[in-house]
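Asker: Let me begin by handing over the structure; questions about it come next.
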Amino acid sequence: MNKETSFSLNNHIFKRRIKDGCSYFSTVLFSCFTFAILIWMVVYVFQNGANYLNWDFISGDYNQHSYTIKSKEENIVPVTSYFENKDDVDCFSSRWGVGFKDGLSGEESVIYIVSIDPNSPFNDLVDSSNSKVKINNEYFLSSLVTFDDDGSMSVYGAKEGAKQLALGLEKAYSIFDGTLTSQGKGIRGSLLTTFILIGFSLLFSLPLGIGGAIYLSLYAKDNFLSRSIRTLIDVTSGVPSIIFGLAGALIFIPFINGISGHNGGSIFSGSLTLAIMLLPTIVKTVEESIKVVPSSYSMASLALGASKTRTIFKIILPNALPGILSACILSIGRIIGESAALIFSMGAVIGDNPSLFEGQASLAVHIWTCLQGESPQYGSACAISIIILIVVLILSLATKLLSLYLNKQKGNS
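Numbering of the sequence shown is given in the working numbering, commencing with residue 3 and proceeding in unit increments.
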């Protein structure tokens, strides 16, 4: 090898190393950038939503219920009235036997009732129809007007704070007017709606998707029809979800309303819309999982005299179960995160008691609703996002563990 050839070879190796190094560096750089963005998004969601995440938020009603409260004319609280602060509440009225604290309802400042003595005059307050109001720590005070010992009237609200209210009640002998409100802003209805959507969407889409995958992978011949079906599935998987929502509004809503007699979108029409959206994902995922099952399994079954149908349901599908579970998880993730299609086909009304034939908001649509208007509720939206992330994480881990268990059982057998 002469010097010119050696130099040319070394130069080529050097250039190749430079290219490989640049490719490796760019890959690492963009991967780190993507990972940093993902971590930042998760941290942002947790920082802004963690304070709103509690059991009352998860299990509570979204709609608030307000009562106008007052004291009966004969119920005058004497100056000598005294109640012990048994719960060691910071803002406690010993004359009325009730404790308060400052807090938030959604993103609105309110005064919560945190402690009431069983013999407290607060338990004798009545509403505008003179019916006794059952007060507990699920309520907050929006305003309170009192008659004081010196004959004057005092007005208290969230701006004055819990401490000022507790001090003011020490000199009050009666409550002239007040507004008691349940907490509201909970997501129980939206959470239940999401689970109903998951159940009905999978109920409609899984049998159709698995059946389509069985036909394409085990029955269909390689001809124009099968190629057209696969092309249609690929094209459908890329259609924007808002188009599915429009189709659901035009097709499924009139169909369901004709059966149920209701008007507008419903959970049922939303489930049917999502089922159509999920079909391409389920068909392609299950078809790939069927293809990886060794052909020797089905050949051995057929050689032993089993029919093709029995071979499919007893041999092929059980071995393709991990892939079917993956299709379920992908489908559930899309159901939980879908909003555009559901706004059209189901509506965006947030309620507390979901009904199959009435419109209701899912968790994703609830987030969209929180961000509407002049005062977006970013904290509530982030708290719902945390719940969605946790649910998807739990489902993913459960699927992985179940797949490992099934593979282990298959290996032992």
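We put the beta carbon where it would ideally sit given N, CA and C, even for glycine.
With DSSP as the reference, label residue 217 as helix, strand or coil.
Answerer: Sequence index remark: in the sequence shown, residue 217 carries index 215 (1-based). Correct three-state label for residue 217: helix.
Asker: Please confirm if the region 352–369 is in contact with the region 62–80, defined as three or more CB-CB distances below 8 angstroms between the two stretches.
Answerer: Yes, the region 352–369 is in contact with the region 62–80.
Asker: Which first and last residues belong to the alpha helix (DSSP H) in which residue 257 is found?
Answerer: Working through the sequence shown from its first residue, we reach residue 257 at position 255. Start and end: 255–262.
Asker: Can you look up residue 188 in the DSSP assignment and give me helix, strand or coil?
Answerer: Within the sequence shown, the letter at position 186 stands for residue 188. Correct three-state label for residue 188: coil.
Asker: Below 7 angstroms CB to CB, which residues in the same chain sit around residue 265 once its five sequence neighbours on both sides are set aside?
Answerer: Numbered from its first residue, the sequence shown carries residue 265 at position 263. 259, listed in sequence order.
Asker: For the putative contact between residue 115 and residue 125, defined by C-beta atoms under 8 angstroms, what is the C-beta separation to the nearest angstrom?
Answerer: Taking the sequence shown and counting its residues from 1, one reaches residue 115 at position 113. Taking the sequence shown and counting its residues from 1, one reaches residue 125 at position 123. Between residue 125 and residue 115 the Cβ distance is about 11 angstroms, and since that is not below 8 angstroms, they are no contact.
Asker: I'd like the ranges of any alpha helix (DSSP H) spanning at least 4 consecutive residues and lying wholly in the region 318–376.
Answerer: Here the runs fully enclosed are 323–339, 342–347, 365–372.
Asker: According to DSSP, which residues form a beta bridge with residue 180?
Answerer: Here residue 180 refers to the residue found at position 178 of the sequence shown. Residue 180 is bridged to 71, 146.
Asker: Is the region 320–329 in contact with the region 400–411, if contact means three or more CB pairs nearer than 8 angstroms?
Answerer: Cβ pair count under 8 angstroms is three or more, so yes.
Asker: Could you tell me the alpha carbon to alpha carbon distance between residue 289 and residue 276, rounded to whole angstroms?
Answerer: Here residue 289 corresponds to residue number 287 of the sequence shown, with the count starting at 1. Here residue 276 corresponds to residue number 274 of the sequence shown, with the count starting at 1. One C-alpha to the other measures close to 20 angstroms.
Asker: Please report whether the beta-carbon of residue 120 lies at a distance below 8 angstroms from any beta-carbon of chain B.
Answerer: Of the protein chains in the structure, only one exists, and it is not chain B.
Asker: Decide if residue 158 is buried, meaning its Cβ has at least 16 other Cβ atoms within 10 Å, or exposed.
Answerer: To locate residue 158, count along the sequence shown from 1; it is residue 156. It is buried - the Cβ of residue 158 has at least 16 other Cβ atoms within 10 Å.
Asker: Quick one: any contact between the region 173–182 and the region 376–391, if contact means 3 or more CB pairs under 8 angstroms?
Answerer: With a cut-off of 8 angstroms, the region 376–391 and the region 173–182 do not count as touching, because too few Cβ pairs lie within range.
Asker: Determine whether the beta carbon atoms of residue 262 and residue 206 lie at a separation below 8 angstroms.
Answerer: Counted from its first residue, the sequence shown places residue 262 at position 260. Counted from its first residue, the sequence shown places residue 206 at position 204. No.
Asker: Name the DSSP bridge partner or partners of residue 106?
Answerer: Here residue 106 is taken as the residue at index 104 of the sequence shown, counted from 1. Residue 106 pairs with 111.
Asker: Ignore the nearest five residues each way along the sequence and tell me which others in residue 342's own chain have a CB closer than 7 angstroms to its CB.
Answerer: The residue labelled residue 342 in the question sits at position 340 within the sequence shown. These residues qualify, in order along the chain: 243, 244, 247.
Asker: Tell me the rounded alpha-carbon separation between residue 376 and residue 367.
Answerer: In the sequence shown, counting from the first residue as 1, residue 376 sits at position 374. In the sequence shown, counting from the first residue as 1, residue 367 sits at position 365. Cα to Cα, the separation comes out at about 18 angstroms.
Asker: Can you round the beta-carbon distance between residue 286 and residue 235 to whole angstroms, since I take them to be within the 8 angstroms contact cut?
Answerer: Here residue 286 corresponds to residue number 284 of the sequence shown, with the count starting at 1. Here residue 235 corresponds to residue number 233 of the sequence shown, with the count starting at 1. About 7 angstroms separates the two Cβ atoms, so the contact holds.
Asker: Between which two residues does the beta strand (DSSP E) containing residue 157 stretch?
Answerer: One-based indexing of the sequence shown puts residue 157 at position 155. Note, residue 157: beta strand (DSSP E), 155–159.
Asker: Given this structure, state the Cα-to-Cα distance separating residue 94 from residue 190, to the nearest angstrom.
Answerer: The residue given as residue 94 occupies position 92 in the sequence shown. The residue given as residue 190 occupies position 188 in the sequence shown. Whole-angstrom Cα-Cα distance: 31 angstroms.
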